[in-house]
Amino acid sequence: MTTQKKFDIAIIGGGMVGASLALLLAQQKPDWKIALLEAQPFIDIDQTQFEKSFDARSTAIAHGSVEILRELGVWGKLSQHATAISQVHVSDAGHLMGGLINSDTYDLDAVGYVIPNAWIGRVLLESLQQQNAIHYFAPVRVEKLTPQKEGAQLTVKCGDEIFNLDCKLAVVADGGDSPLRKALGIDSHVKHYDQTALIANVAYSEPHKGIAYERFTAQGPLALLPLGESSSATESALVLTLPTNEANDIFALNDADFLQHLQQRFGTRLGKFLLVSQRHIYELKLITASEQIRSRIVLIGNAAHFLHPVAGQGFNLSLRDCVCLVSSLIHGDTAGKILGELSVLQDYLQRQQLDQGLTIEFSDKLVRLFSSSSLPLIALRHLGFVGLDVLPAVKTQFAQQTMGTAGAKFL
Ligand SMILES: Cc1cc2nc3c(=O)[nH]c(=O)nc-3n(C[C@H](O)[C@H](O)[C@H](O)COP(=O)(O)OP(=O)(O)OC[C@H]3O[C@@H](n4cnc5c(N)ncnc54)[C@H](O)[C@@H]3O)c2cc1C
811 MTTQKKFDIA IIGGGMVGAS LALLLAQQKP DWKIALLEAQ PFIDIDQTQF EKSFDARSTA
871 IAHGSVEILR ELGVWGKLSQ HATAISQVHV SDAGHLMGGL INSDTYDLDA VGYVIPNAWI
931 GRVLLESLQQ QNAIHYFAPV RVEKLTPQKE GAQLTVKCGD EIFNLDCKLA VVADGGDSPL
991 RKALGIDSHV KHYDQTALIA NVAYSEPHKG IAYERFTAQG PLALLPLGES SSATESALVL
1051 TLPTNEANDI FALNDADFLQ HLQQRFGTRL GKFLLVSQRH IYELKLITAS EQIRSRIVLI
1111 GNAAHFLHPV AGQGFNLSLR DCVCLVSSLI HGDTAGKILG ELSVLQDYLQ RQQLDQGLTI
1171 EFSDKLVRLF SSSSLPLIAL RHLGFVGLDV LPAVKTQFAQ QTMGTAGAKF L
């Protein structure tokens, strides 16, 4: 544990977004001193076994995010654990439709990649440990964030001890529930979907051929993201969306009954479902903070916007937010502005507003339209599918959003 208590930037929360932002800052502006504070103990890289785990959660990384991770210098290692998505196949129960987004059409190696979260965490942590500019504190809990004239002060609890940490800019990356957002008196808009996501890994009899599936049914959408080292692998990460009042019953099914339920909802495109890992459930909602910036304070990641996971946009959007934030901070610094002053943060938000707006709307509309059992909406979504098939502009927007290139900005 370092004893240094004055920093240029303090990031509260060392999840995937806080850790990525710390790395990006250290790489782009190594003379800024950065504190990363995390409530959970950091994993011991040497002790942790990352063998092929059958119950790890995975994240779909869009093509645009790969470019960011490459810039961060972590893609080389991450790619060793990534499964390429060659095609995203979107379908609606009761409506026939073929592959929608194909990497060949866009002259890309892959539309995106699927990586187990455990590997993302491990690779980010390895890189963090190599950065002199980053001091990480874990496990510690930031109890209080007090805005000051020239920055912010954090009250940090470490075991039985409490210490203060001063910074010029505080980045709140403490997750969707964000206790600090609440303590700052920042409201959030919460839209309940009355849906619960059930997450598991599944194995089946036919090779996935690198295809990610998004299937929409009246009970809610389901996604199957390909896993494994080659396109002949027969495993996927499942995100099964269920009406909340049915979720506990389906969660409690024995494996055989659960696989039968899945088979019924997904069909036989992957042959017969054979195995399911340990299952986890998450309540789904859309949370957007009513303010993302104040003088010397910025909210990022799930603390700023928490999206439905079915479209795989949350982490991808946050990575683009991080790139834009760092770019605004550096431009502000070059122009002689104070780190974290409101005009600099306003510049960030203004530049990233379109991307955030489009991505949040895309995820929200997709879920609402495709989860409905009302007849006019079913008709509308079938028309939507026709549109996706035959209208290049609609299809391009869908593809850009999925590949993470809609409204994206790079340094
Ligand atoms: C089921 C599911 C599937 C998903 N799939 C995808 C996908 O395929 N693609 C995609 O782009 N996105 C996906 N997402 C979204 C993605 O997981 C999130 O966008 C991302 O994890 C957000 O990370 P975060 O760092 O903002 O928040 P979190 O991961 O919640 O991290 C917050 C961190 O802050 C720490 N913390 C909290 N309070 C304090 C405190 N007071 N002091 C110190 N530390 C604190 C916590 O311990 C935690 O580590 C998915 C989400 C879910 C739920």
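Residue numbers (this note's numbering): 811 to 1221.
In this text, a Cβ means the ideal position worked out from N, Cα and C, and glycines have one as well.
Neighbour-count burial assignment, residue i, 16 or more Cβ in a 10 Å radius
| i | result |
| --- | --- |
| Leu1193 | With a pLDDT of 49 at Leu1193, under the threshold of 50, the modelled position of this residue cannot be trusted; read the value that follows with caution. Looking at its Cβ environment, which holds fewer than 16 other Cβ atoms inside 10 Å, Leu1193 is exposed. |
| His1090 | exposed |
| Val1000 | exposed |
| Phe1076 | buried |
| Lys992 | exposed |
| Arg880 | exposed |
| Asn1055 | exposed |
| Asp1004 | exposed |
| Pro851 | exposed |
| Ala820 | buried |
| Ala983 | buried |
| Val1154 | buried |
| Asn1112 | buried |
| Asp818 | buried |
| Ala1062 | exposed |
| Gly995 | exposed |
| Gly969 | exposed |
| Pro1036 | buried |
| Lys978 | buried |
| Ile972 | exposed |
| Thr1006 | buried |
| Asn1126 | buried |
| Gly1124 | buried |
| Gln1160 | exposed |
| Leu1164 | exposed |
| Ala845 | buried |
| Ala1022 | buried |
| Gly1167 | exposed |
| Gln1162 | buried |
| Thr869 | buried |
| Ala1057 | buried |
| Asn1064 | exposed |
| Thr893 | buried |
| Lys1219 | Note that Lys1219 has pLDDT 42, beneath the 50 cutoff, so the model's placement of it is unreliable and the number below is only indicative. Lys1219 comes out exposed. |
| Asp1059 | exposed |
| Lys1175 | exposed |
Enclosing beta strand (DSSP E) for residue i [first to last residue]
| i | result |
| --- | --- |
| Arg1025 | Ile1021 to Thr1027 |
| His1002 | Ser998 to Tyr1014 |
| Lys1082 | Segment: none, Lys1082 is in no beta strand (DSSP E) and carries neither H nor E. |
| Leu1094 | His1090 to Ala1099 |
| Lys816 | Lys816 to Ile822 |
| Leu847 | Ile844 to Leu847 |
Limits of the unbroken alpha helix (DSSP H) element including residue i
| i | result |
| --- | --- |
| Ala1066 | Asp1065 to Phe1076 |
| His873 | His873 to Glu881 |
| Ala928 | Asn927 to Gln939 |
| Val1108 | Taken as a continuous stretch (DSSP letters only), Val1108 belongs to no alpha helix (DSSP H), being part of the beta strand (DSSP E) at Ile1107 to Leu1109. |
| Ala1057 | Thr1054 to Phe1061 |
| Gln837 | Met826 to Gln838 |
| Leu888 | Trp885 to Leu888 |
Identified DSSP bridge partners for residue i
| i | result |
| --- | --- |
| Glu1039 | Per DSSP, none; premise fails for Glu1039. |
| Gln897 | Asn912 and Ile1021 |
| Pro1031 | Phe1026 |
| Ala948 | DSSP lists no partner for Ala948. |
| Arg1161 | According to DSSP, Arg1161 bridges with nothing at all. |
| Glu1045 | Ala1013 and Leu1037 |
| Gly922 | Ala872 and Ile895 |
| Ile1103 | Val1108 |
| Thr1169 | Note: Thr1169 sits in no beta bridge, so no partner. |
(request) May I have a chain-ordered list of the alpha helix (DSSP H) segments no shorter than 4 residues that lie completely inside the stretch 953-989? (result) The stretch 953-989 contains no whole alpha helix (DSSP H) run of 4 or more residues.
(message) For a minimum of 4 consecutive residues, which ranges assigned as the alpha helix (DSSP H) are wholly contained in the stretch 1118-1153?
(response) Every alpha helix (DSSP H) of 4 residues or more that sits fully in the stretch 1118-1153 is shown, in chain order, as 1124-1144.
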